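In my numbering, the protein residues as written are 10 to 163.
We put the CB at the ideal spot given by N, CA and C, even for glycine.
Remember, it's a predicted structure, so these values are computed and weren't measured experimentally.
Notes for the one structure printed next.
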């Protein structure tokens with residue numbers, strides 16, 4: 010009438026080593042996912058900063074072409090501006106670094122030159138690299154062109 014109890018305790022005892030191993034495996038998978046998520050978040054943040062800076066530079070260039078005196082408009086092929094997109098602080102050297110070089114050039118088409126109806130159509134081109142070294146093979150030159158801005162002499 011009494012059932013043996015020995016078979017049951019051996020089955021339960023076999024899981025004592027398997028449970029911590031499964032816990033370690035799950036913990037490792039969660040940590041790898043969290044690290045990859047963090048790296049993706051850093052990358053997206055850096056891209057957002059670059060995109061914001063590019064927008065700011067193009068806005069400044071178009072404002073310059075729109076509001077400067079007609080005689081001060083850039084010539085065809087002239088470099089309107091150049092520099093670096095970002096200047097992050099290097100904590101070890103305690104100075105700001107210059108990364109991601111850029112340049113803004115103007116393509117100018119003049120119609121009715123020398124007459125009172127003279128007009129210039131100006132298209133700005135922003136060219137930049139997204140690697141600190143402009144010669145890097147994995148960083149192609151990025152270019153953005155604005156719509157043509159028309160200015161009249163009169």
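Taking C-beta atoms as the reference points, residue 121 and residue 128 count as a pair closer than 9 angstroms. With a contact defined as Cβ atoms closer than 8 angstroms, residue 154 and residue 134 qualify at about 5 angstroms. Collapsing the DSSP output to three states places residue 41 in a helix.
For residue 119, the CB contacts under 7 angstroms within the same chain, skipping 5 residues up- and downstream, are 127, 129 in chain order. Excluding residues up to 5 positions away in sequence, 158 lie with their Cβ nearer than 7 angstroms to the Cβ of residue 75 in the same chain. Around the CB of residue 79, fewer than 16 other CB atoms lie within 10 Å, so the residue is classed as exposed. Rounded to the nearest whole angstrom, the CA to CA distance from residue 113 to residue 101 is 32 angstroms. Scanning the segment 58 to 107 for uninterrupted beta strand (DSSP E) segments of 3 residues or longer gives 88 to 95, listed from N- to C-terminal end.
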